Amino acid sequence: MSSISSGVFGRDGLLGLDSTYFDLVFSVREALEVSAQCFQLHRFSELVARRSVSHSLLVLLVLNCWSSLLLHRLFRGRLALGRVACLTIDLALNMVASMALPMIVFLPYALMFDVETFSLPVEVLYNDVMSTTLVLENRAVFALSWADGVSKLIPHIATLSTLRSLRVVFLEARTSTVRPSHQAAHDIVPGSAVGKPTKQQRISHTPLTRRLLNALPSVLHLAFVVLSVVIIVLHTRAFATRGRDSIEGCKQAVHPWFGSTYTCAIYEYNCYRRGVDSPPEDVLESLDRDSLVVLIFTHCPSLRVPRAIRRFPRLLGLQIWNATLVQWTADASIDAAIHSWMTYLVLARVNMTTLPDGMLQPLPDMLLDIELSVTNLTALPDDLHERWHDLTVLYIEHAQLSEFPRALLHLAVDDLSLCGQQIETIPALAGLTHSYFVLTLAGNPLRALPATIQPEVTFGFVVLDDTLLSSAPLWLLDQVLIELNLHGTPLCLNATHEATSLVDQRLARACEARALTADGRFPLALATGLRQP
10 MSSISSGVFG
20 RDGLLGLDST
30 YFDLVFSVRE
40 ALEVSAQCFQ
50 LHRFSELVAR
60 RSVSHSLLVL
70 LVLNCWSSLL
80 LHRLFRGRLA
90 LGRVACLTID
100 LALNMVASMA
110 LPMIVFLPYA
120 LMFDVETFSL
130 PVEVLYNDVM
140 STTLVLENRA
150 VFALSWADGV
160 SKLIPHIATL
170 STLRSLRVVF
180 LEARTSTVRP
190 SHQAAHDIVP
200 GSAVGKPTKQ
210 QRISHTPLTR
220 RLLNALPSVL
230 HLAFVVLSVV
240 IIVLHTRAFA
250 TRGRDSIEGC
260 KQAVHPWFGS
270 TYTCAIYEYN
280 CYRRGVDSPP
290 EDVLESLDRD
300 SLVVLIFTHC
310 PSLRVPRAIR
320 RFPRLLGLQI
330 WNATLVQWTA
340 DASIDAAIHS
350 WMTYLVLARV
360 NMTTLPDGML
370 QPLPDMLLDI
380 ELSVTNLTAL
390 PDDLHERWHD
400 LTVLYIEHAQ
410 LSEFPRALLH
420 LAVDDLSLCG
430 QQIETIPALA
440 GLTHSYFVLT
450 LAGNPLRALP
460 ATIQPEVTFG
470 FVVLDDTLLS
480 SAPLWLLDQV
490 LIELNLHGTP
500 LCLNATHEAT
510 SLVDQRLARA
520 CEARALTADG
530 RFPLALATGL
540 RQP
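First residue of the sequence shown: 10, per my numbering; consecutive thereafter.
Set out below in structure tokens:
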């Protein structure tokens, strides 16, 4: 391994400073780095709205394209110093582009993360711009495909290679400063100056091959300069074009190089502001299909969801706020094949008595978060578990359900909230076969729970605040593993508060504090403030 390492990274190795092929190898490596940076800059232009981030990456790319040419001319005749300068500047540019800039993007979100709740602040998650920016910027930072991963890995490999090569130089320089003056002549390699290969290093080439090897770095330098000019033109055009145009309802624009229409990432259609009852069918035609990631319909008295929502394959989320849902047909549905990026669906303050056909088609695999707040749903389809896959989050709050939906007994959900319904008893819960991390039944006129449930069923958190429970079955104490909340129940109001047993102590803790506001798990008050007409 030592001989292999020396043959690659040693001063006389393929990647070493004394290599006959240094200029060629360095130019090829730069070509790979520039290609990777172009790929990343293109991705950032599609995903990142912050101008400062995209402009910084552009500057780094241009510097990388021009640096080797400028250094080659600046250090003409000083080969050793020029090679060290090339490696050092290449190292600095790579580290800024592949380490510093991603950390600048990622670190603010990492600092926001609450390790106790294992989540980000609600104010971030339910703010259209902040939550979308978070998702898109982190998609840009982390590798999502093989091509993306390789393009992110190339600068790191180049950085390691450069560090190894420079390490050899610095170690030899340090050794030479302490070498005794009476060192034997045979310990000194003649002609060991940087850039002057020893006799053993010289390899015979035909004149044509030699000319090609000498010309290739210059050709690549010229190609880098031309490429940088092309990228500057594309980048400037993308920002200038989208900067001049404007479209009502766009809350955040992105700047892809090849966007054909208006490249809006977050689009809100507010019927009240436009003086209409429902958006026209062609309202979304002006939006770039590959740029839109969040679509919002608000304040629509007679909402008919347009079929054009199926034009947008990169849709992350769909929201409907304060609307009467008149029509959402299957031909305008969320589609598993089309909307493969989709992760959440939110309907709040929506007048609908049943789930529309547009929500009852097979869900995209990544759609794991469905939140319905303040609707007049009276029931869920009995076959909902056959139409939907298992979910991470399902909130159906402040509706008119009078019983625990049977379909939910067969639909595995990590975090289920049926807050603010009309449910008085839940006999079906005895047949539950899957566990919940969070089960919220707060705000129901719930009078009784089953005496027993399946012993393998467990809960992380159970929230029963403001129900009418006057007693607690033993499983509620034994099978709730983290926290039980019973604040505001007759059981707590009539308690003596004298904890004489372990059961009494657990009940006392469950009665102490309210787990939720009256809104439920969905932050209705916060969302209302963000959704003013």
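Where is the CB? At the ideal position from N, CA and C, for every residue including glycine.
Since the model is a prediction, treat every value here as computed from it, not as a measurement.
Taking the continuous alpha helix (DSSP H) assigned at residue i, which residues delimit it?
{"i": "His-394", "result": "393 to 396"}
{"i": "Val-285", "result": "Taken as a continuous stretch (DSSP letters only), Val-285 belongs to no alpha helix (DSSP H), as it is neither H nor E."}
{"i": "Ala-89", "result": "88 to 104"}
{"i": "Cys-501", "result": "499 to 502"}
{"i": "Asn-147", "result": "137 to 150"}
{"i": "Val-131", "result": "131 to 134"}
{"i": "Asp-528", "result": "Counting along the chain, Asp-528 falls outside any alpha helix (DSSP H), and DSSP gives it neither H nor E."}
{"i": "Met-121", "result": "110 to 121"}
{"i": "Ser-54", "result": "31 to 56"}
{"i": "Ser-77", "result": "60 to 83"}
State the beta-bridge partners of residue i as determined by DSSP.
{"i": "Cys-273", "result": "Ala-262"}
{"i": "Tyr-353", "result": "Gly-326 and Asp-378"}
{"i": "Leu-304", "result": "Tyr-276 and Leu-327"}
{"i": "Asn-360", "result": "Thr-333"}
{"i": "Phe-468", "result": "Tyr-445 and Val-489"}
{"i": "Ile-405", "result": "Leu-381"}
{"i": "Val-422", "result": "Leu-400"}
{"i": "Ala-388", "result": "DSSP, once it has assigned bridges, lists no residue as partnering Ala-388."}
{"i": "Asn-494", "result": "Val-472"}
{"i": "Leu-312", "result": "Leu-334"}
{"i": "Ala-457", "result": "Thr-434"}
{"i": "Ser-128", "result": "Asp-123"}
With residue i and residue j assumed to form a contact (beta carbons below 8 Å), what rounded beta-carbon distance in angstroms separates them?
{"i": "Thr-352", "j": "Leu-376", "result": "6 Å"}
{"i": "Ala-451", "j": "Val-472", "result": "5 Å"}
{"i": "Ala-460", "j": "His-443", "result": "No, Ala-460 and His-443 are not in contact; Cβ-Cβ is about 20 Å, not under 8 Å."}
{"i": "Met-361", "j": "Leu-334", "result": "4 Å"}
{"i": "Val-302", "j": "Ala-274", "result": "5 Å"}
{"i": "Val-227", "j": "Ala-45", "result": "As written in the sequence, residue 227 is Ser, which differs from the Val given in the question. That pair is no contact at about 22 Å."}
{"i": "Leu-516", "j": "Ala-504", "result": "7 Å"}
{"i": "Val-57", "j": "Ser-63", "result": "6 Å"}
{"i": "Ala-106", "j": "Pro-164", "result": "6 Å"}
{"i": "Tyr-271", "j": "Ile-256", "result": "5 Å"}
{"i": "Gly-529", "j": "Thr-449", "result": "7 Å"}
{"i": "Pro-390", "j": "Ile-343", "result": "About 16 Å separates the two Cβ atoms, so there is no contact after all."}
{"i": "Ile-432", "j": "Glu-412", "result": "6 Å"}
{"i": "Ile-240", "j": "Cys-47", "result": "7 Å"}
{"i": "Leu-485", "j": "Leu-458", "result": "7 Å"}
{"i": "Leu-143", "j": "Tyr-118", "result": "6 Å"}
{"i": "Leu-438", "j": "Leu-427", "result": "Wrong, their Cβ atoms sit about 11 Å apart, outside the cutoff."}
{"i": "Leu-400", "j": "Ile-379", "result": "6 Å"}
{"i": "Ser-300", "j": "Pro-265", "result": "6 Å"}
Any heavy atom of the ligand COA within a distance shorter than 6 Å of the CB on residue i?
{"i": "Leu-90", "result": "Absence of the ligand COA is noted for the structure shown, with no ligands found whatsoever."}
Assuming contact is defined by CB atoms lying nearer than 7 Å, are residue i and residue j in contact in what I supplied?
{"i": "Gln-430", "j": "Asn-453", "result": "yes"}
{"i": "Thr-384", "j": "Ala-416", "result": "no"}
{"i": "Gln-261", "j": "Val-71", "result": "no"}
{"i": "Ser-287", "j": "Arg-313", "result": "yes"}
{"i": "Phe-115", "j": "Val-150", "result": "yes"}
{"i": "Val-242", "j": "Pro-532", "result": "no"}
{"i": "Asn-534", "j": "Ala-357", "result": "In the sequence as presented, Asn is not what sits at residue 534; that position holds Ala. No, the Cβ-Cβ distance between Ala-534 and Ala-357 is not below 7 Å."}
{"i": "Ala-345", "j": "Pro-371", "result": "yes"}
{"i": "Tyr-276", "j": "Gly-258", "result": "yes"}
{"i": "Leu-478", "j": "Leu-502", "result": "no"}
{"i": "Asp-474", "j": "Gly-497", "result": "yes"}
{"i": "Phe-248", "j": "Cys-74", "result": "no"}
{"i": "Leu-418", "j": "Leu-441", "result": "yes"}
{"i": "Ala-167", "j": "Glu-42", "result": "yes"}
{"i": "Leu-495", "j": "Ala-522", "result": "no"}
{"i": "Leu-225", "j": "Leu-33", "result": "yes"}
{"i": "His-244", "j": "Leu-69", "result": "no"}
{"i": "Gln-328", "j": "Ile-305", "result": "yes"}
{"i": "Trp-330", "j": "Arg-176", "result": "no"}
Starting from residue i, trace the beta strand (DSSP E) both ways and give me its first and last residue.
{"i": "Ser-295", "result": "Element bounds for Ser-295: n/a, residue is neither H nor E."}
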